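Numbering (full-length UniProt numbering), first residue to last: 1 to 123.
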């Protein structure tokens, strides 16, 4: 069984389409996208609403989860860094995790075959 790796990318919502295109170009076939809120180095900012000042310390972000075994992790990381980088604070983070196993619920297949594209397996 080939190693399976999960890559979590947390970045600006406006970078999602660019990131999706970058992943498509390197043949990443699946991803899960979640709208999230977080704070890091920016620690948020203050806004005024009806004369009251409020501290906004959770900033909207998107979290993209990608699991790969065929596409090299380094290619995914480079594509994500290029697509998401603005050079300003708040560009986000990328986390990489080893995956012990994967199971395709429909068929019961386990391991790297469970995340393979069925269209690729018929070739």
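We put the beta carbon where it would ideally sit given N, CA and C, even for glycine. Model, not experiment: these values are computed from the prediction.
Please work out which residues of its chain come closer than 7 Å, Cβ to Cβ, to residue i, disregarding the five sequence neighbours upstream and downstream, and give them in chain order.
{"i": "residue 99", "result": "4, 5, 6 and 67"}
{"i": "residue 18", "result": "83"}
{"i": "residue 27", "result": "71"}
Going by alpha carbons, who is nearest to residue i out of the options?
{"i": "residue 93", "options": "108, 65 and 113", "result": "65"}
{"i": "residue 10", "options": "77, 63 and 71", "result": "63"}
{"i": "residue 33", "options": "23, 75, 82 and 104", "result": "23"}
{"i": "residue 40", "options": "107, 76 and 91", "result": "91"}
{"i": "residue 124", "options": "25, 69, 77 and 75", "result": "Since the first residue shown for the chain is 1 and the last is 123, residue 124 is missing from the structure and cannot be characterised."}
Give me, in chain order, the residues of the same chain whose beta-carbon lies closer than 6 Å to that of residue i; leave out the 5 immediate sequence neighbours on both sides.
{"i": "residue 54", "result": "47"}
{"i": "residue 1", "result": "111 and 112"}
Between residue i and residue j, what straight-line distance do the alpha-carbon atoms span, to the nearest angstrom?
{"i": "residue 86", "j": "residue 56", "result": "22 Å"}
{"i": "residue 71", "j": "residue 16", "result": "20 Å"}
{"i": "residue 114", "j": "residue 50", "result": "53 Å"}
{"i": "residue 109", "j": "residue 83", "result": "33 Å"}
{"i": "residue 30", "j": "residue 81", "result": "18 Å"}
{"i": "residue 14", "j": "residue 21", "result": "13 Å"}
{"i": "residue 101", "j": "residue 52", "result": "51 Å"}
In its own chain, which residues sit with a C-beta less than 8 Å from the C-beta of residue i, not counting the 5 before and 5 after it?
{"i": "residue 37", "result": "58, 59, 60 and 61"}
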